[in-house]
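Chains as they are written, first to last, in our numbering: chain C, 1 to 275; chain H, 1001 to 1283. We put the CB at the ideal spot given by N, CA and C, even for glycine.
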Amino acid sequence: MIEAQDVYFSYANKVEALKGISLTIKDGEFVAIMGQNGAGKSTLVKHFNGLLKPTIGTILIDGVETTKTSVATLARNVGFVFQNPDHQLFSETVEDEIAFALKNFGFESEAIEKRITWALNLLALTQYRKTSPFLLSGGERKRVALASVLAWDPQTLILDEPTIGQDHEQKEKLRQFVLQMQTQKKTVVMVTHDVEFVAECDPRVILMKEGRVMADGIGKEILTDPSLLKVSSIVLPQIAQIFSKLSLLGLPKDVIDIYEAKQILLNAKESKQHT
Amino acid sequence: MAIIETKNLTYVYPGASKPSISDVSIKIEKGEFVLITGPSGCGKTTLCRCFNGLVPHFYQGELKGEISVAGIDTLKHHTYEMAKHVGLVFQNPENQLFALSIEKDVAFGLENLGLPRDEMRKKVDWALNQTGIYDLRERSPHEISGGQQQRVAIAAVLAMEPEIIVLDEPTSFLDPLSAEKIFEVIYGLNKQQGITVVLVEHRLDLTAKYTNHLIVMNEGKVRFDGNPREILSAEETRLIGVGIPKATLLYQMLKKEGLNLSNTTPLSSEELAGELLEALKSK
């Protein structure tokens, strides 16, 4: 469980990035943190694995204050995948990259071997096992960074913009994987701008602006509120955009799911025929 | 005359076992807004690197086939000669920024052209304003966010006013509204000044509406090349792993169920909403 209690954070240059954040993320929750560039999203999640410590306030991970433990200890339970994979990758081969943390955490070599194979397979990277990460495409490097964290199976996974450079198929795999993590009561927190991905996954959405939480709720409510999204520099998902333009037909506006959209529109056609 | 033309272009990175692009033959006309898409690792970025000669001059390796960009054979001319004609915005802005201030980064290309100071000032300010970073101009490009860095990289290319702008997922770190604004600026330059735009994107929900020429790549090859409305309706496009815009998908689902919609496949929410209003309004 992650608890933030009235957290303020200022960078060395005095920029106040967080201004009183209080929230709780329970085990097994899937949360999307959204908001415009500079809203404090990345700063907030860097508190969840102790990379940053609050200037004022408290962060508790499973009841332990992050100021009273080390990043190395926290890392075993909280895996962090950075926005830019080049900040994370350094090994000669994809395989070594994934093995690195596993060795550090003291896994047996047999277990390391199994976990590498599993993670490579999961992220469609098996063919690149012996390749240098730097010969791979941007989207593939991003998946290597994700594989290297998934391999040690942390209780909480923090993903900073996981869908950048990913094609539709990879995004669908990521969605399936996150759903699977939820069934294991694992927690996934992702920072993202990808409204379409959020609409497809339907997680809890936390909307941030200028270092504060502006809204916290289900995607269907938050992603269909044009005024809320506008001040957060987010556009409506495409399905919600369509329904926002159909007000003349008297249809609901809080629609983000394509199958729900189809049903509503077909029902509208039926009722039109009966009048 | 085509401003970019390739014939049977095939390229292998040094040390790689198979080609990253193979047998690519495409034609892009002057003034077009072309969208290139395809699964991650399909060769989109490599193809873009050919357009200004980074492949093969910087990356080395073996390039076969023919390529002509702005009438120049990029195999015979260096990347710095191409810079006047082609501006490239990379996927990862950090690979592109190096100066001590944002303003200097944006001015760098113009300084190399030896422009008079006043003219340079004007162009730099214009580019900074278009990308919404004028107020940041004295900051270091390394102390700003990834999204802001992307704006700097785009501004640096816009300031040069090249004939061709090639953008490789240029707004991936930006919030959606900022991304849309940048796309609008680029679309405006394309429409008003006839600058040829080549945009690499996965997010067709945001970008399909700007283009009338779509190229879909898969495993290094061009799979589709033509009208986006036709290509995005094809089942095979979806199977390759291209993210079809939700408006296009919903249109297909509804048409299959017998809803009376036109035969023009919509690419945006505006287009589909217009059709639905027509089909479902009470008489």
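Option in the options with minimal Cα separation from residue i
| i | options | result |
| --- | --- | --- |
| C:LEU228 | C:ILE206, C:CYS201, C:LYS185, C:SER247 | C:ILE206 |
| H:SER1022 | H:TYR1187, H:PHE1173, H:ASN1263, H:GLU1066 | H:GLU1066 |
| H:VAL1198 | H:SER1269, H:THR1045, H:THR1264, H:LEU1250 | H:THR1045 |
| H:TYR1210 | H:GLU1184, H:VAL1216, H:GLU1103 | H:GLU1184 |
| C:LYS272 | H:PRO1266, H:THR1264, H:ASN1260 | H:ASN1260 |
| C:ARG175 | C:LYS26, C:GLU16, C:PHE30, C:GLN5 | C:PHE30 |
| H:VAL1086 | H:LYS1281, H:GLU1163, H:ILE1244 | H:GLU1163 |
| H:GLN976 | H:GLY1132, H:TYR1013, H:LYS1123 | Chain H is shown from 1001 up to 1283; residue 976 of chain H falls before or after that span and cannot be answered. |
| H:LEU1277 | C:VAL64, C:SER10, C:LEU248, C:ALA124 | C:LEU248 |
| H:GLN1130 | H:TYR1187, H:GLU1257, H:ASP1118, H:GLY1274 | H:TYR1187 |
| H:LYS1246 | H:ARG1229, H:LEU1267, H:ASN1190 | H:LEU1267 |
| C:LEU136 | C:PRO162, C:GLU92, C:ARG76, C:LEU179 | C:GLU92 |
| C:PRO203 | C:GLU97, C:LEU44, C:VAL188 | C:VAL188 |
| C:SER22 | C:ILE2, C:ILE116, C:ASP254 | C:ILE2 |
Straight-line gap, residue i to residue j (C-alpha atoms, nearest Å)
| i | j | result |
| --- | --- | --- |
| H:ALA1159 | H:HIS1078 | 21 Å |
| C:PRO259 | H:LEU1232 | For the record, residue 259 of chain C in the displayed sequence is Tyr; it is not Pro. Whole-angstrom Cα-Cα distance: 19 Å. |
| C:GLU110 | C:LEU146 | 21 Å |
| C:HIS274 | C:ALA268 | 10 Å |
| H:ILE1004 | H:THR1196 | 10 Å |
| C:GLU196 | C:ASP153 | 27 Å |
| C:PHE177 | C:ALA119 | 11 Å |
| H:LEU1250 | H:THR1265 | 10 Å |
| C:GLY219 | H:LYS1084 | 46 Å |
| H:ASP1225 | C:GLY211 | 45 Å |
| C:VAL7 | H:TYR1011 | 52 Å |
| H:ALA1156 | H:SER1101 | 12 Å |
| H:PRO1039 | C:GLU65 | 42 Å |
| C:HIS47 | C:PHE100 | 23 Å |
| H:GLU1270 | C:LYS245 | 8 Å |
| H:MET1253 | C:CYS201 | 20 Å |
| C:PHE279 | C:ASP160 | Residue 279 of chain C is absent from the model: chain C starts at 1 and stops at 275. |
Per-residue burial, residue i [other beta carbons within 10 Å of its own, 16 or more giving buried]
| i | result |
| --- | --- |
| C:GLY106 | exposed |
| C:PHE90 | exposed |
| H:ALA1016 | exposed |
| H:HIS970 | Given a span of 1001 to 1283 for chain H in the structure shown, any question on residue 970 of chain H remains unanswerable. |
| C:ALA72 | exposed |
| C:ILE56 | exposed |
| C:ASP167 | buried |
| H:HIS1142 | exposed |
| C:MET208 | buried |
| H:THR1237 | buried |
| H:PRO1228 | buried |
Under 9 Å by beta carbon: chain H residues contacting residue i
| i | result |
| --- | --- |
| C:LEU135 | TYR1013, GLY1015, ALA1016 |
| C:ASP86 | ASN1092, GLU1094, ASN1095 |
| C:GLN83 | GLY1146, PHE1173 |
Nearest-angstrom Cβ-Cβ length linking residue i and residue j, presumed shorter than 8 Å
| i | j | result |
| --- | --- | --- |
| H:VAL1166 | H:VAL1106 | Contact doesn't hold; Cβ gap of about 18 Å is too wide. |
| H:GLU1103 | H:ARG1049 | In fact, because the Cβ distance is near 27 Å, the residues do not count as touching under 8 Å. |
| C:ILE158 | C:GLY79 | 7 Å |
| C:ALA32 | C:MET190 | 5 Å |
Chain-ordered chain H contacts of residue i [CB-CB under 7 Å]
| i | result |
| --- | --- |
| C:LYS262 | LEU1250, MET1253, LEU1254 |
| C:ASN37 | SER1145, GLY1147, GLN1148, LEU1174, ASP1175, SER1178 |
| C:VAL195 | PRO1176 |
Partners in chain C for residue i, counting only beta-carbon separations shorter than 8 Å
| i | result |
| --- | --- |
| H:THR1045 | SER137, GLY138 |
| H:GLN1091 | GLY138, GLY165 |
| H:LEU1276 | ILE242, LEU246, LEU249, LEU265 |
| H:GLY1041 | LEU136, SER137, GLY139, GLU140 |
| H:PRO1245 | GLN238 |
Chain-ordered chain C contacts of residue i [CB-CB under 9 Å]
| i | result |
| --- | --- |
| H:GLY1241 | ASP167, HIS168, GLU169, GLN170, GLU172 |
| H:ASP1205 | VAL195, GLU196, PRO237, GLN238 |
Partners in chain H for residue i, counting only beta-carbon separations shorter than 8 Å
| i | result |
| --- | --- |
| C:ASP202 | By Cβ distance, chain H contributes nothing, its closest Cβ being about 14 Å from C:ASP202, past 8 Å. |
Contacts that residue i makes with chain C (C-beta to C-beta distance below 7 Å)
| i | result |
| --- | --- |
| H:LYS1191 | Ordered by position in chain C, no residue passes the 7 Å Cβ test against H:LYS1191, which lies about 21 Å from the chain. |
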